[in-house]
Amino acid sequence: MDQKNSEIAMDPRNQTNSSDKSDTGKQQDEKGGIPYGEKIREESDHPNLQGQQTKQLDRLPVKRTRVKRFVCTECDFRAAKKSELLRHTRKHTGEEPYNCDQCDYSAAHKVSLDLHITKHTGENLFRCEDCGYRTAYMSNLTGHVRTHTDEKPYKCDQCDYSAARKGNLDRHMTTHTEDKPYMCGECGHTSADRSALTVHMRRHTGEEPYKCDMCGYSAAKKCHLESHMARHTGDKRFMCVECGYRTAHMSYLSVHMRIHTGAKPYKCDRCDYSTAQKGNLDRHMANHTGGKRFMCGVCGYRATARSNITIHMRTHTDVKPYQCDQCDYSTARKGNLDRHMANHTGEKPYMCGECGYRAAEKYSLTVHMRTHTGAKPYKCDLCDFSAATKSGLNKHMATHTGNKPYMCGECGLRTADRYSLTVHMRSHTGEKPYICDQCNYSAAKKSDLDSHMARHTGEKPYMCGECGYRTAHRSNLTAHMRTHTGEKPYKCDQCDYSATKKSYLTKHLAEHDS
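The numbering used here puts the first residue of the sequence shown at 422, with every later residue one more than the last.
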């Protein structure tokens with residue numbers, strides 16, 4: 422035991438007095454006077470619990486409230502046993518006494534090491550009957566089965582949120598309490614638990630401890646490695662029973678299931694906005710606070726979400742960690758790779774229930790649905806403009822601020838949003854990642870490919886809910902909808918003219934120039 426643990430164990434509050442011990446014989450029920458063991462036997466309605474098993478139940482110790490006399494000197498944690506306190510203190514000391522004898526992995530708890538060992542042995546004892554998922558631990562299987570049953574036994578006592586796993590509820594509770602005791606010394610980021618801070622620190626250190634044994638890929642998070650390994654093995658063991666969608670990671674399936682259930686557990690406390698993903702809520706909150714606390718150290722670009730900075734940095738380093746295993750395409754964003762893979766597989770698991778439109782990724786379906794609902798969640802705080810996408814709002818904001826943080830390193834062109842820069846860069850590289858599977862056409866923009874595909878299929882997936890107008894391209898529908906709403910977002914800065922399309926404004930500005 423090291424000095425830190427010795428100090429905690431020797432705290433006067435943590436000394437056990439033998440006089441505190443109580444007998445553990447049969448105890449009378451407070452209401453009926455029935456001995457504990459006999460009451461269990463009477464209430465059991467399972468015949469197979471009779472005989473020898475019921476005799477064993479008679480010998481069960483009495484359920485009693487445990488006195489938590491062992492107190493952590495670092496925080497408010499209390500425990501009934503000294504061993505529980507010692508395990509807890511490892512969160513503060515960072516001690517990891519359990520070492521793997523096959524690699525350099527170490528853990529604070531034996532159960533974590535046992536779970537890690539199964540990676541080497543391949544031992545998975547418990548199997549899901551619905552989709553074939555296997556795991557070494559019954560608790561993992563129990564949590565997994567809830568993705569099929571939608572059971573969420575862990576309830577928040579401050580709102581209507583519920584979760585299938587206790588860890589998810591614990592993270593949710595921090596949105597009410599804001600209790601995030603673990604702070605990063607580099608940037609001030611705070612976390613609700615130590616493991617989250619450990620993962621965060623890897624953004625500063627560059628540490629990527631999870632290595633692929635089939636190629637040179639490495640990752641800062643275990644879930645990222647699992648997703649990567651599925652590209653080698655094809656193992657996507659988590660399956661949606663509603664639509665057949667499969668994934669290598671259970672958390673992805675949990676998020677996917679919200680498409681079917683409509684669950685939106687992340688709620689804004691300033692308006693009625695709610696969303697299925699925490700990242701969406703973080704970005705939405707910036708509309709209220711204006712806070713962009715994450716900054717790029719190279720060019721000063723600021724973002725509301727840390728993940729945006731990580732992706733932005735790749736514009737400086739040209740890092741493209743997401744690689745297609747069927748061609749030489751690579752990209753800085755996972756979403757881009759998902760869209761690209763649909764060119765090879767044709768897989769589009771996300772379907773619109775209104776018009777049958779299908780998409781390769783959930784975000785595309787989410788944006789598409791706004792063409793039916795008219796939802797425009799991104800609001801300008803300087804005028805009454807609103808947009809269906811964040812990139813649309815970013816472009817609009819540039820008309821107020823002139824802020825265009827994304828710069829092309831080849832020609833100096835600046836853009837208000839990252840996507841516009843990505844598309845622009847293809848004019849230099851000649852990259853055309855969107856490929857037609859029916860002819861040799863390729864395009865730099867997905868929207869251009871969509872328009873082209875309509876020539877082959879005649880498909881026009883974008884439909885106006887007001888008049889039934891259909892088009893092959895989302896931007897056409899967006900412009901069309903303005904004929905119903907009267908919206909004219911493109912405004913002349915020299916007179917009071919406004920237009921429904923940017924091309925109309927461009928023509929109008931030429932009249933001023935002439």
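Glycine included, C-beta positions come from ideal geometry on N, C-alpha and C. Values in this document were obtained by computation on a predicted structure and should not be read as measured data.
K928 burial status per 10 Å Cβ neighbour count (16 or more: buried): exposed
Where T850 falls, given that 16 or more other Cβ within 10 Å makes a residue buried: exposed
DSSP-derived helix/strand/coil call for T682: If DSSP states are grouped into helix, strand and coil, T682 belongs with the helices.
Buried versus exposed call for M559 [16 or more other C-beta atoms within 10 Å across all chains shown]: exposed
Outcome for A796 when other beta-carbon atoms lying within 10 angstroms are tallied against a minimum of 16: exposed
Buried versus exposed call for A501 [16 or more other C-beta atoms within 10 Å across all chains shown]: Flag for A501 reads exposed.
Straight-line Cα distance separating A585 from V662: 17 Å
Where P630 falls: helix, strand or coil (DSSP): Assignment of P630 by DSSP, reduced to helix, strand and coil, places it in the coil class.
Candidates H894, E887, M678 and D634: closest to E880 by CA position: H894
Spatially closest choice to E775 from R754, C885, V676 and L834, by CA coordinates: C885
Any chain B beta carbon closer than 9 Å to A697: Any reference to chain B falls outside this structure, which holds one protein chain only.
Rounded separation between D917 and C860 - CA only: One C-alpha to the other measures close to 47 Å.
For R511 and R499, the rounded distance between their alpha carbons: Answer to the nearest angstrom: the Cα atoms are 14 Å apart.
6 Å Cβ shell around R791 - same chain, five flanking residues per side excluded: A809
Contacts around D749, its chain only, beta-carbon distance under 6 Å, and the 5 residues preceding and following it disregarded: Result list for D749: empty, nothing under 6 Å.
Pairwise C-alpha distance: K657 and Y855: 25 Å
Nonlocal neighbours in the same chain, by C-beta distance under 6 Å from M772, ignoring five residues either side: Shown here for M772: same chain residues with a beta carbon closer than 6 Å to its own, the five before and five after excluded, namely R779 in chain order.
Under the three-state DSSP convention, the category R891 falls into: strand
Local conformation of N520 per DSSP, three classes: strand
Anticipated Cβ contact below 8 Å, V620 with A651, distance rounded: Taking a contact as a CB-CB distance under 8 Å, the pair V620 and A651 does not count as one, their CB atoms being some 20 Å apart.
Paired residues, beta bridge with I538 - DSSP: Answer is none; I538 lacks a bridge partner.
Per-residue burial, H610 [other beta carbons within 10 Å of its own, 16 or more giving buried]: buried
Secondary structure of S935, DSSP reduced to three states: Correct three-state label for S935: coil.
Residues of its chain near T892, where Cβ-Cβ distance is below 6 Å and the 5 sequence neighbours each way are ignored: K881, Y883 and L898
Uninterrupted alpha helix (DSSP H) stretches inside the segment 798–827 (no shorter than 4 residues): 811–822
A669 vs M678 beta-carbon contact at 9 Å: No; because the gap between Cβ atoms is not below 9 Å, this pair is not in contact.
Burial state of R763, where buried means 16 or more other Cβ atoms lie within 10 Å: Here the sequence assigns Ala to residue 763, which means Arg is not the residue at that position. Per the 10 Å Cβ criterion, buried.
Reference N815, options V532, C717, C552 and A724, closest by Cα: Taking each of V532, C717, C552 and A724 in turn and checking the Cα distance to N815, the smallest one comes out for A724.
C-alpha distance - K601 paired with T514, whole-angstrom precision: Inter-residue distance for K601 and T514 is about 18 Å (C-alpha atoms, whole angstroms).
Alpha-carbon spacing of S639 relative to Y631, whole angstroms: 5 Å
Exposure of L702, with buried meaning 16 or more beta-carbon neighbours within 10 Å: Burial check for L702: the Cβ neighbour count within 10 Å reaches 16 or more, so the residue is buried.
With 16 other Cβ atoms within 10 Å as the buried cut-off, status of M818: buried
Best match in S935, T494, P742 and Y673 for proximity to C633 [C-alpha to C-alpha]: P742
Option nearest K825 by Cα separation, candidates T595, A837 and C832: A837
Local Cβ density within 10 Å of K476, reported as buried at 16 or more and exposed below that: Low confidence applies here, because K476 scores a pLDDT of 44, under 50, leaving its location unreliable and the question unanswered by this model.
Spatial distance of L926 from K909 (CA atoms): 10 Å
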